[in-house]
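K.L.:
Following our numbering, the residues of the sequence shown are numbered contiguously, the last one being 114. One structure follows; several queries about it will come next.
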Amino acid sequence: VVDAFLAASREGDFERLIAVLDPDVIFRVHGAPDEQPVSGAASVARRVLARGSRLAPFGRFAIVDGGPGVVVVRGGRAVAAVRFGVASGRVSTIDVFADPKRLRGLVPVRPKG
2 VVDAFLAASR
12 EGDFERLIAV
22 LDPDVIFRVH
32 GAPDEQPVSG
42 AASVARRVLA
52 RGSRLAPFGR
62 FAIVDGGPGV
72 VVVRGGRAVA
82 AVRFGVASGR
92 VSTIDVFADP
102 KRLRGLVPVR
112 PKG
């Protein structure tokens with residue numbers, strides 16, 4: 002599901018993004034006090050495509066707070082961590098952590114080979 006979400010985000014494909022989102026999905030940004038939660042598949046898809054598509058190519062799969070996620074790495078440092086809640090084969094929650102203090106401890110791991 003996370004792979005399909007990233008592919009749709011990278012390609013700017015609204016319909017494919019909607020297909021992987023639960024109709025009642027909730028999108029939250031932590032560490033940005035001006036950001037309000039967004040809910041509903043269409044609203045979240047628009048938000049992701051408007052703001053997140055430019056960062057999607059830098060996303061690497063990760064375990065974030067014990068669940069499926071992505072760490073966005075630019076210039077060798079983590080700029081965001083995203084945790085996905087998945088229910089019934091669809092993304093039900095998206096929590097973006099962008100607080101530099103929280104991200105400071107993340108060290109990108111390069112695959113062997």
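Glycine included, every Cβ here is placed at the ideal spot set by N, Cα and C. All of these numbers come straight from a predicted model, not from anything done at the bench.
Enumerate, from N- to C-terminal direction, the unbroken beta strand (DSSP E) stretches of 3 or more residues contained entirely within the stretch 21 to 99.
P.N.:
Runs of the beta strand (DSSP E) inside the stretch 21 to 99: 22 to 31, 60 to 65, 68 to 75, 78 to 88 and 91 to 98.
K.L.:
On the three-state DSSP scale, how would you describe residue 14?
P.N.:
coil
K.L.:
Is the beta carbon of residue 49 sitting closer than 9 Å to the one on residue 70?
P.N.:
no
K.L.:
To which residues of the same chain is residue 53 closer than 7 Å at the C-beta, ignoring the five residues directly before and after it?
P.N.:
10
K.L.:
Near residue 38, what residues of its chain come up, given a Cβ to Cβ distance below 7 Å and the 5 sequence neighbours on each side ignored?
P.N.:
27, 28 and 29
K.L.:
Give a yes or no on whether the C-beta atoms belonging to residue 23 and residue 88 are separated by under 9 Å.
P.N.:
yes
K.L.:
In whole angstroms, what separates the C-alpha of residue 101 from that of residue 62?
P.N.:
19 Å
K.L.:
How would you call residue 1, buried or exposed, if buried means at least 16 neighbouring beta carbons within 10 angstroms?
P.N.:
This structure cannot speak to residue 1, because the chain is shown only from 2 to 114.
K.L.:
Quick one: residues in its chain with C-beta nearer than 7 Å to the C-beta of residue 59, no 5 flanking neighbours on either side, listed in chain order?
P.N.:
73, 74 and 75
K.L.:
For residue 81, count the other beta carbons within 10 Å of its own beta carbon; 16 or more makes it buried, fewer makes it exposed. Which is it?
P.N.:
buried
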